[in-house]
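Protein chains: 2
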Amino acid sequence: MNGPDRTVVEICSALGDDTRWAILRRLEAGAASASALAEGLPVTRQAISRHLEILRGAGLVERERHGRELRYRAVGTRLGAAANQLGLMAAAWDRRLERLRERATSGTEPGEPG
Amino acid sequence: MNGPDRTVVEICSALGDDTRWAILRRLEAGAASASALAEGLPVTRQAISRHLEILRGAGLVERERHGRELRYRAVGTRLGAAANQLGLMAAAWDRRLERLRERATSGTEPGEPG
DNA sequence: CTTTAGTGCAACCATCTCGTTGCACTTCGC
DNA sequence: GCGAAGTGCAACGAGATGGTTGCACTAAAG
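Read top to bottom, the protein sequences are chains A and B. Throughout, our numbering is defined as the position within the first sequence, counted from one, plus 3. Throughout, our numbering is defined as the position within the second sequence, counted from one, plus 3.
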């Protein structure tokens with residue numbers, strides 16, 4: 004659990020914005036184009052388009068031509084992998100804390116050995 | 004899998020920064036104060052202090068007085084919960100896509116009824 | 001061909017974010 | 001008490017970010 008994949012940071016960064024969550028929630032209900040997403044969200048089509056590019060860069064979304072429109076859909080693969088990594092990290096942190104507690108109750112007073 | 008807890012957005016936002024990852028990686032090796040973290044990272048103590056506040060706000064880190072210093076340590080509980088939610092989301096997205104594929108191969112051509 | 005829906009690109013603006021420096025305050029140790 | 005270590009707070013600057021408008025381009029539809 005050392006190097007947090009660049010991917011994970013990118014995904015977290017992408018998921019750190021409310022508008023992008025709004026977009027993803029829409030996409031959960033079905034694939035849609037930037038223009039389609041624009042009506043129903045309080046931002047312009049261009050802004051949404053930019054967000055979709057970011058989501059695509061993070062691998063959370065894929066697009067597909069459909070006639071003259073680009074239809075975007077949410078893809079879980081990358082997010083699933085990231086969630087897994089984060090879960091492992093969390094478990095490791097809790098394990099470390101647990102070890103410390105054990106050591107503390109088994110006689111040796113804590114000194115937080117680096 | 005509807006409302007992404009405000010917490011999750013906050014955690015993602017917190018994890019969307021490289022410096023904060025660096026800090027967390029240090030904390031994985033043991034609790035430390037802002038000043039201690041400062042030596043070894045290419046930013047000032049004040050900057051690190053701000054980052055630690057953000058991490059604390061997201062529930063990724065807790066602090067504890069130790070004499071005149073504040074010692075921070077990584078805590079996995081919140082991150083674990085967030086990772087879980089993200090994992091469920093990812094699974095849901097993949098399931099949706101799978102259903103679409105099935106429907107496509109079973110005769111009905113896709114129209115993306117969303 | 002003309003219209004219209006869907007995109008892409010660029011300029012521009014407001015704000016947030018990350019980092020800095022500088023100073024004041026507390027607390028441990030001599 | 002005094003110096004040094006550890007913090008907190010505030011002001012400030014550079015750059016990233018999220019949003020807008022405006023215009024040009026392509027492709028479906030009439």
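Where is the CB? At the ideal position from N, CA and C, for every residue including glycine.
Inter-residue Cα distance where the pair is residue i and residue j
{"i": "Leu-58 (chain A)", "j": "Arg-71 (chain B)", "result": "44 Å"}
{"i": "Ala-93 (chain A)", "j": "Ser-16 (chain B)", "result": "16 Å"}
{"i": "Leu-73 (chain B)", "j": "Arg-53 (chain B)", "result": "13 Å"}
{"i": "Arg-26 (chain A)", "j": "Ala-84 (chain B)", "result": "Checking the displayed sequence, the identity of residue 26 (chain A) turns out to be Ile instead of Arg. Cα to Cα, Ile-26 (chain A) sits roughly 22 Å from Ala-84 (chain B)."}
{"i": "Tyr-41 (chain A)", "j": "Ser-38 (chain B)", "result": "The sequence shown places Ala at residue 41 (chain A), rather than the Tyr named in the question. Approximately 47 Å between the Cα atoms of the pair."}
{"i": "Thr-80 (chain A)", "j": "Gly-33 (chain B)", "result": "32 Å"}
{"i": "Arg-104 (chain B)", "j": "Asn-87 (chain A)", "result": "25 Å"}
{"i": "Gln-49 (chain A)", "j": "Tyr-75 (chain B)", "result": "42 Å"}
{"i": "Ala-95 (chain A)", "j": "Gly-43 (chain B)", "result": "23 Å"}
{"i": "Pro-45 (chain A)", "j": "Arg-98 (chain A)", "result": "44 Å"}
{"i": "Glu-112 (chain A)", "j": "Asp-20 (chain B)", "result": "With a pLDDT of 43 at Glu-112 (chain A), under the threshold of 50, the predicted position of this residue should be treated as unreliable, though the coordinate-derived value follows. The straight-line gap from Cα to Cα measures roughly 35 Å."}
Cβ-based neighbour list, residue i, same chain, cut-off 8 Å, excluding 5 preceding and 5 following
{"i": "Trp-24 (chain A)", "result": "Leu-18"}
{"i": "Pro-116 (chain B)", "result": "Its pLDDT being 43, under 50, Pro-116 (chain B) is placed unreliably by the model, and the measurement read from it follows with that caveat. The answer is none, since no qualifying residue turns up."}
Below-8 Å beta-carbon distance, residue i vs any chain B residue
{"i": "Gly-62 (chain A)", "result": "no"}
{"i": "Leu-2 (chain A)", "result": "One cannot answer for residue 2 (chain A) here, as it falls past the ends of chain A, which runs 4 to 117."}
{"i": "Asp-97 (chain A)", "result": "yes"}
{"i": "Arg-70 (chain A)", "result": "Rather than Arg, the amino acid found at residue 70 (chain A) in this sequence is Gly. No, because no Cβ of chain B sits closer than 8 Å to the Cβ of Gly-70 (chain A)."}
First through last residue of the beta strand (DSSP E) which encompasses residue i
{"i": "Leu-30 (chain B)", "result": "No beta strand (DSSP E) holds Leu-30 (chain B); the alpha helix (DSSP H) holding it covers 21-31."}
{"i": "Val-46 (chain B)", "result": "It is not in any beta strand (DSSP E) - Val-46 (chain B) carries neither H nor E in the DSSP assignment."}
{"i": "Val-64 (chain A)", "result": "64-69"}
{"i": "Ala-77 (chain B)", "result": "72-77"}
is_contact[residue i, chain A] using C-beta, thresh 8 Å
{"i": "Val-12 (chain B)", "result": "yes"}
{"i": "Ser-36 (chain B)", "result": "no"}
{"i": "Glu-31 (chain B)", "result": "yes"}
Where the alpha helix (DSSP H) containing residue i begins and where it ends
{"i": "Glu-42 (chain B)", "result": "First-last for Glu-42 (chain B): undefined, no H or E at that position."}
{"i": "Ala-17 (chain B)", "result": "9-17"}
Sub-8 Å separation of residue i and residue j beta-carbons
{"i": "Arg-29 (chain A)", "j": "Ala-35 (chain A)", "result": "yes"}
{"i": "Val-78 (chain B)", "j": "Leu-100 (chain A)", "result": "yes"}
Neighbourhood of residue i by C-beta distance below 6 Å, restricted to the same chain and skipping five residues each side
{"i": "Glu-13 (chain B)", "result": "Ala-61"}
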